[in-house]
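Colleague: For what it's worth, my numbering labels the leading residue of the sequence shown as 5, then goes sequentially. Below is the structure I would like to discuss, written out as structure tokens.
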Amino acid sequence: MKIIMLGAPGAGKGTQAKLIAEKYSLPHISTGDIFRANIKNQTELGMEAKKYMDEGKLVPDELTVKILLDRVANEDCKNGYVLDGFPRTIPQAEVLTKALGEMNDAIDFAIDVDVPDENIVNRMSGRRACVTCGATYHIVHVPPKKENICDKCGSELILRDDDKPETVLNRLKVYHEQTQPLIDYYTAKGVLRTVDGTKDMNDVFAEIVAILG
Ligand code: ADP
Ligand code: AMP
Numbered sequence: 005m006k007i008i009m010l011g012a013p014g015a016g017k018g019t020q021a022k023l024i025a026e027k028y029s030l031p032h033i034s035t036g037d038i039f040r041a042n043i044k045n046q047t048e049l050g051m052e053a054k055k056y057m058d059e060g061k062l063v064p065d066e067l068t069v070k071i072l073l074d075r076v077a078n079e080d081c082k083n084g085y086v087l088d089g090f091p092r093t094i095p096q097a098e099v100l101t102k103a104l105g106e107m108n109d110a111i112d113f114a115i116d117v118d119v120p121d122e123n124i125v126n127r128m129s130g131r132r133a134c135v136t137c138g139a140t141y142h143i144v145h146v147p148p149k150k151e152n153i154c155d156k157c158g159s160e161l162i163l164r165d166d167d168k169p170e171t172v173l174n175r176l177k178v179y180h181e182q183t184q185p186l187i188d189y190y191t192a193k194g195v196l197r198t199v200d201g202t203k204d205m206n207d208v209f210a211e212i213v214a215i216l217g
């Protein structure tokens, strides 16, 4: 099963993608996580991506597409995957459709996690991420057991630089301009399903499981 998570930054794509990946034994592929790992390791790609990410802009398609296509060519993706944060532009979606089409394949579901803009700044300013394992929390909605410490690996939790309110507003603008058109793109392909992302995370997941079967 090949699944794409759509939705505004902070809508809960990563949270739900991790739950889906676990239940259906699929790899969870987050282009944001791949970029952040590269930044942490100070690779050339990481340094280039950081320039855009810090401003709340998208990393150029040329860089992003290559990384994603390399990743889905891995052996662990042969039975499918959950893409979280890719595609984010129509050209990215077209490249993916073409690459899959060449193998007589296609995306099965594009799940739009729908959350109004009003809720997003609160979601993002409360998000805390583990620098080591990538787990995410929310100080109010999904708190770690011990303040600022990751439940899974014991590392410190941080507020991502691009989750500060001024950057979030820019990311939302970029989302509406460049990513939201993907809703029509995948509707036209008959694979779009919308879930109410304002609900509790377990209720959102139940909606998704009802769709995926
Ligand atoms: P995205 O991957 O779409 O950017 P995340 O999954 O990281 O978003 O979620 C953003 C923030 O909102 C995180 O702090 C997460 O813990 C929290 N969150 C996710 N889903 C819900 C939900 N259904 N209700 C409340 N908070 C949520
Ligand atoms: P995320 O972790 O999905 O919120 O992504 C964090 C940041 O990484 C985004 O704001 C972009 O700057 C960059 N990024 C992640 N995925 C993509 C993508 N598919 N295309 C372009 N930029 C991306």
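Note that beta-carbon positions come from the ideal geometry of N, C-alpha and C, so glycine has one too.
Please report the distance separating the alpha-carbon of residue 207 from that of residue 52.
Modeller: The straight-line gap from Cα to Cα measures roughly 38 Å.
Colleague: Suppose the cutoff is 7 Å on Cβ atoms and the five residues either side in sequence are ignored; what does the same chain contact list for residue 187 look like?
Modeller: These residues qualify, in order along the chain: 10, 116 and 196.
Colleague: Quick check: what's the CA-CA separation for residue 98 versus residue 82?
Modeller: Going from the Cα of residue 98 to the Cα of residue 82 covers about 20 Å.
Colleague: Helix, strand or coil for residue 142, going by three-state DSSP, please let me know.
Modeller: Note: residue 142 maps to strand in three-state DSSP.
Colleague: What's the call for residue 110, buried or exposed, on a 16-neighbour Cβ count within 10 Å?
Modeller: Looking at its Cβ environment, which holds fewer than 16 other Cβ atoms inside 10 Å, residue 110 is exposed.
Colleague: Should residue 180 go down as buried or exposed, given a rule of 16 or more other Cβ atoms within 10 Å for buried?
Modeller: Its Cβ having fewer than 16 others within 10 Å, residue 180 is exposed.
Colleague: Rounded to the nearest angstrom, what separates residue 26 and residue 160 at their Cα positions?
Modeller: Their Cα atoms are separated by approximately 24 Å.
Colleague: Could you tell me the alpha carbon to alpha carbon distance between residue 123 and residue 40, rounded to whole angstroms?
Modeller: Approximately 25 Å, taken between the alpha carbons.
Colleague: What residue ranges within the region 96-178 form continuous beta strand (DSSP E) runs of no fewer than 3 residues, ordered along the chain?
Modeller: Whole beta strand (DSSP E) segments, 3+ residues: 113-118, 131-134 and 140-142.
Colleague: Just the C-alpha distance for residue 118 and residue 198, rounded to the nearest angstrom, thanks.
Modeller: Using only the alpha carbons, I get a separation of about 7 Å.
Colleague: In the DSSP assignment, find the unbroken beta strand (DSSP E) run with residue 9 in it and report its ends.
Modeller: Element bounds for residue 9: 6-10.
Colleague: So within the region 20-66, which uninterrupted alpha helix (DSSP H) runs reach at least 4 residues, ignoring any that extend past its ends?
Modeller: Counting only runs of 4 or more, we get 35-44 and 48-57.
Colleague: Does the ligand ADP have a heavy atom nearer than 8 Å to the CB of residue 155?
Modeller: No, the beta carbon of residue 155 sits no closer than 8 Å to any heavy atom of the ligand ADP.
Colleague: Ordered along the chain, which non-local residues of its own chain (more than five positions away) have a Cβ less than 6 Å from that of residue 174?
Modeller: Excluding positions up to five away in sequence, the list reads 60.
Colleague: Could you tell me the boundaries of the alpha helix (DSSP H) in which residue 207 lies?
Modeller: Element bounds for residue 207: 205-216.
Colleague: Check for me: the beta strand (DSSP E) holding residue 88 runs from which residue to which?
Modeller: From DSSP, the beta strand (DSSP E) with residue 88 extends over 85-88.
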